[in-house]
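First the structure, in the form of structure tokens, and then the observations on it.
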Amino acid sequence: MVFSYYPGCTLRTKAKELDRKARLAAKELGIELCEVPEWQCCGGCYPVAKDEIATKLSAVRTLMAAKEADRPVVTVCSACHNVLKRVNDDMKNDPVISDRANRYLQNEVPYQGEAEVLHFLEMLRDKVGFDRIAEKVTKPLTGRKIAAYYGCLLLRPGKVMAFDDPENPTIIEDFIRALGAEAVVYPYRNECCGAYLALEDRDSVKKKSSAVLNGAKAGGADSVITACPLCLYNLQKCGGEIPVLYFTELLFEALGLE
Amino acid sequence: MEQKNLKETVLRISGVNPRKCMKCGKCSGTCPSYDEMEFHPHQFVYMVENGEIEPLMASKSIYRCLTCFACVERCPRQVEPAKLIEAVRLTVIRQQGQNHLKPDAIPALLDEDMPQQALVTAMRKYAK
Amino acid sequence: MQRIGVFVCWCGSNIAATVDVKAVAEALGKEPGVVFFEDYQYMCSEEGQNKIKNAIKDYALTGAVICSCSPRMHENTFRKAAAAAGINSFMVEIANIREQCSWIHKDKVSATEKAIVLGRAAIAKLHLNAPLTAGESPVVKRALVIGGGIAGIQTALDIADAGFEVDIVEKKPTIGGKMSQIDKTFPTLDCAACILTPKMVDVAQSEKIRIFAYSEVEAVKGFVGNFNVSIRKKARYVDEVKCTGCGLCTEKCPQKKVPNDFNLGLDQKRAIYIPFAQAVPKIATIDADYCTMLKTGKCGVCSKVCTAGAIDYKQKDTVLEEQYGAIVVATGFNPIELTKYDEFAYSQSPDVITSLEFERITNAAGPTGGTLLRPSDGTHPHKIVFVQCVGSREDGNGCGKTYCSKICCMYTAKHAMLTREKYPDTEVYVFYIDVRTPGKNFDEFYRRAVEEYGVHYIKGMVGKVSPENGKLMVRASDLIEGKQLLIDADLVVLAAAIEPDKSARPLATMLTASMDTNDFFTEAHPKLRPVESPTAGIFLSGCCQGPKDIPETVAQASACAAKVIGLLNKDKLTCNACVAHPDEMLCNGCSTCEKVCPYGAITYESKEFRMPDRTTRIRRVASVNPAVCQGCGACTVACPSGAMDLHGFSNRQIMAEVDAICK
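Residue numbers (our numbering), protein chains in the order written: chain A, 1 to 258; chain B, 1001 to 1128; chain C, 2001 to 2663.
In structure tokens form, the structure reads like this:
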């Protein structure tokens, strides 16, 4: 299986481990990830405003590259995933945005959301299958109690992301079970961590992130996993005792990779 | 800008129809930043509909919404309050000299673990 | 050549404000065959009708064109007026210049132009009209009631009381419906079972009523007065005649892990069961999905303990064919599925329940014997949050319903009040958007909950429920105080929207009865004919037509019965005169019309024909039963040889209308 791969800015810098382990785990699972050539930063957050076109263009370019390569584009970072999927939905379903973006880019053949955007987790679930991953696990994480933290970017808006049930998701829990660990379901796993308020109001972030970690701890979790570098940062900085990891780190470990 | 133009601007940027609101307050019942806001999500909907944009623009509440979309996801009438808050914020920072976050101020806010994602997002949200 | 009179109605300002009625009358007066024209403020009034009658006499009219409202409104009025003046009532044509013209246009010039065109088409058609006579058909003096809840029960009892036979078809093993699951009834708080079960017994004892329980309607043919209905009696694996309802089998059955749907899955029953003590008919039923004997052939305990020898593992479904003059739909409602509302954690915590589940938990015959206990750990909840409008009043693009479910405000007030009365140590919060209490003694009831019982009514909505350490953390807004609340509740009760039973849509198709987008049956007129379907002979009772509480349901059920009695009281019905008829010389015997006819009105017969060469030939030709034909015209368009035509709407007449419009 070959997929286009969009790492995004953070995976090239602060979250190198998220990137490296994703690539190695994919390779072990027989998946080839071809990095999108000359990719640009997605902008970090989806521009919600109806009249913002320029800020959506870098995502459109990535999507067009995936269309050109004729394969789904896979992301690991929740934020990149959120931006790409939502911009793709605009290109498909919002004729005003789609028309203006295509004019900006001077596309001879207009891009109309033809590319398929997949999160790495979706790729594992829908293209590989969690049962096949379970077969590939050589070092099952038996006895570990792991809590999944979804945050907001993977799930919402539910209709566009179509990632999982936005209020009661199961994909990361199923992933955890496939690796042989026990999944801890706890409250606030789909509530916001405080995100970019980290820059100006750490107390606010701490309040939100602590609620998440306390929930996981009360549920008996020994670690929390996430797909988002900013979630990871916020959860780690709020000083909980529970380690917060990228989901790819667990996959890497369970597949017996060094 | 005049009040009427401001309202039209906010409605155009957001694409939201505040008249769909049935005033149930579910958005404010679910907002994770509620306690940090002077005006709450349901008030944004109500005040935009009434054309009271300037008090919203002057309020720090517009920098407290994290666009987590909990209110959008759970609104029974699909009013999408977060999009309105974003539109009010843009109406402010699109004006010259009204950036909430200035590049010069950033280095002091960083630590070595801060992911690029936070900076990029904050610049998108707070500055033009 | 016809002598035609044209009558243009103003309908007050309804038509006259948008259409120049005088110009229309004058323009149509110039059409060929028109010998008289007139406009008047209200043609449907007695004075207006007299104008028509007098003109018919004075000008020896052979037909009349009325430019007015929809024929659904007043066609009959004008036909009667024409008949009274001595011409055949089918020599009246209506040009609808209200619903199809004045109401939908703003520009007077173009509306007037269109009204003239519509009038011209009606005149063109009238030139080809011929007098028609309607036939008659007999009425089968028995009614079918589909659904055995309180609506069906009341309708059946009232029809039986008037001396007519009634059959009730109920898909569950017992009649009683939702009301049998409810604990107390608002606003008087009498026990639901105490007022329902005597009615169920009345049904069982009535000589006029037959109950087909555990049965479903499978096919409906025929028409008003003469419906043929196939009813599938599902196999109970118990002989209905032999079973005494002693219940011994339901105690001895070793399969104890069957979800008890009567208690909404809150506890378990045996694989052979009687839903509740007062069930009617009180006959045991085997759940084939769980019965070890039926699945593996090894068990047979119930058969061994049954002293009446009623158990019959070999029982099969049977299909009955019955005739009815009228059919009542009383298929009721269900709460919606709450899987899409997991912000309230319904599928994440057993202590988040629906209001109907709350009824079972507080019912003396329910899973907890009437003691209010949490499903998760059987402890007494000290803090209860009620959430209103879950899935109701949504915008239509989500997963919920656009309508108000109507009953939730009152039953929640009831639940809150009863909880406070029985357990004064329990704090009760009700989150509401609006409290809607129209109804006799309803608002007083709600006020009592607040003022006498101290129920906390909070204007605002719950945003999120998080199960945490055995508690349910309820995050909600208090809009009046301007606060976000976090309540550590022990139990959360969701007032789920109600929707029509899933069986309603396929049934509507069988009955050719219309439904709205929410799958509620449409009434013949939303104000003036609320208990009849637009399909003749089909009547509506209870929540199948829209959300209703018990008092309203019973009132509607009795109104429905009155309409059924009115129909069954007639010996004969006047048939539709505008029926299809084949030109036998053109008919090629292909059976296409027979296949498309939704009423089963067309059959084929072999007939002897004299050919031009004086020989005779047997040919197979279509034949229409005029008593069954509803004049829908499906056969006339389906017929490949153009042999089928419709009286009153012949192909020539319709082409003449089209020609007149395109002129």
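Every residue, glycine too, gets a C-beta built ideally from N, C-alpha and C.
Note that the structure is a prediction, hence the values are computed from the model and not measured.
Taking the CB atoms as reference points, tell me whether residue i and residue j lie closer together than 8 angstroms.
i, j, result
"A2143 (chain C)", "V2166 (chain C)", "yes"
"V83 (chain A)", "L18 (chain A)", "no"
"D2312 (chain C)", "Y2214 (chain C)", "no"
"A2449 (chain C)", "M2417 (chain C)", "yes"
"V185 (chain A)", "G240 (chain A)", "no"
"G2086 (chain C)", "I2004 (chain C)", "no"
"V2329 (chain C)", "I2538 (chain C)", "yes"
"P2375 (chain C)", "L2294 (chain C)", "no"
"V2217 (chain C)", "I2146 (chain C)", "yes"
"C2560 (chain C)", "T2155 (chain C)", "yes"
"G2325 (chain C)", "L2485 (chain C)", "no"
"I2550 (chain C)", "I2150 (chain C)", "yes"
"A2279 (chain C)", "T2174 (chain C)", "yes"
"I2353 (chain C)", "V2493 (chain C)", "yes"
"T2292 (chain C)", "Q2255 (chain C)", "yes"
Taking the straight line between their C-alpha atoms, what separation do you get for residue i and residue j?
i, j, result
"A1118 (chain B)", "G44 (chain A)", "8 angstroms"
"C2404 (chain C)", "E2113 (chain C)", "43 angstroms"
"R2614 (chain C)", "A2580 (chain C)", "29 angstroms"
"T2077 (chain C)", "M2410 (chain C)", "43 angstroms"
"N93 (chain A)", "C231 (chain A)", "30 angstroms"
"C2067 (chain C)", "V2008 (chain C)", "5 angstroms"
"E2444 (chain C)", "D2434 (chain C)", "16 angstroms"
"N2014 (chain C)", "K2022 (chain C)", "15 angstroms"
"S2070 (chain C)", "S2045 (chain C)", "16 angstroms"
"V2455 (chain C)", "A254 (chain A)", "54 angstroms"
"Q2002 (chain C)", "H2127 (chain C)", "6 angstroms"
"K2595 (chain C)", "N2625 (chain C)", "15 angstroms"
"S2110 (chain C)", "C2101 (chain C)", "10 angstroms"
"I2336 (chain C)", "C2408 (chain C)", "13 angstroms"
"N190 (chain A)", "E2532 (chain C)", "49 angstroms"
"A15 (chain A)", "L251 (chain A)", "16 angstroms"
"K2316 (chain C)", "K2414 (chain C)", "44 angstroms"
Can you tell which of the options has its C-alpha closest to the C-alpha of residue i?
i, options, result
"E2427 (chain C)", "C:V2390, C:P2381, C:Q2545 and C:T2437", "C:P2381"
"C2194 (chain C)", "C:P2254, C:E2343 and C:S2180", "C:S2180"
"G1051 (chain B)", "B:K1007, B:I1085 and B:A1122", "B:K1007"
"G2391 (chain C)", "C:L2196, C:K2282 and C:V2462", "C:V2462"
"L2528 (chain C)", "C:L2646, C:L2372, C:M2073 and C:G2063", "C:M2073"
"A2122 (chain C)", "C:V2201, C:E2031, C:Q2268 and C:A2413", "C:E2031"
"A1082 (chain B)", "B:V1072, B:P1076 and B:L1090", "B:V1072"
"T2535 (chain C)", "C:S2541, C:G2546, C:T2522 and C:P2547", "C:T2522"
"I172 (chain A)", "A:F247, A:L199 and A:A101", "A:F247"
"D2583 (chain C)", "C:E2343, C:T2636, C:Y2290 and C:G2398", "C:T2636"
"K2172 (chain C)", "C:N2129, C:P2467 and C:R2232", "C:R2232"
"D1111 (chain B)", "A:L118, A:N234 and A:A211", "A:N234"
"Y1034 (chain B)", "C:N2334, C:A2476 and C:G2546", "C:A2476"
If contacts are defined as beta-carbon pairs under 8 angstroms, then residue i and residue j qualify, I think. What distance do you get, rounded to the angstrom?
i, j, result
"G1025 (chain B)", "H1042 (chain B)", "5 angstroms"
"F120 (chain A)", "A22 (chain A)", "6 angstroms"
"L2573 (chain C)", "E2136 (chain C)", "7 angstroms"
"P2640 (chain C)", "T2592 (chain C)", "6 angstroms"
"V1079 (chain B)", "C1021 (chain B)", "5 angstroms"
"F2431 (chain C)", "F2386 (chain C)", "7 angstroms"
Quick one: what's residue i bridged to in DSSP?
i, result
"D2039 (chain C)", "C:V2008"
"R2210 (chain C)", "C:D2167"
"I2311 (chain C)", "C:V2238"
"Y2432 (chain C)", "C:K2459"
"H2382 (chain C)", "H2382 (chain C) is not bridged to any residue."
"P2467 (chain C)", "C:L2472"
"P2259 (chain C)", "C:Q2268"
"D2058 (chain C)", "None; D2058 (chain C) has no bridge partner."
"D2190 (chain C)", "C:T2185"
"M2515 (chain C)", "C:F2521"
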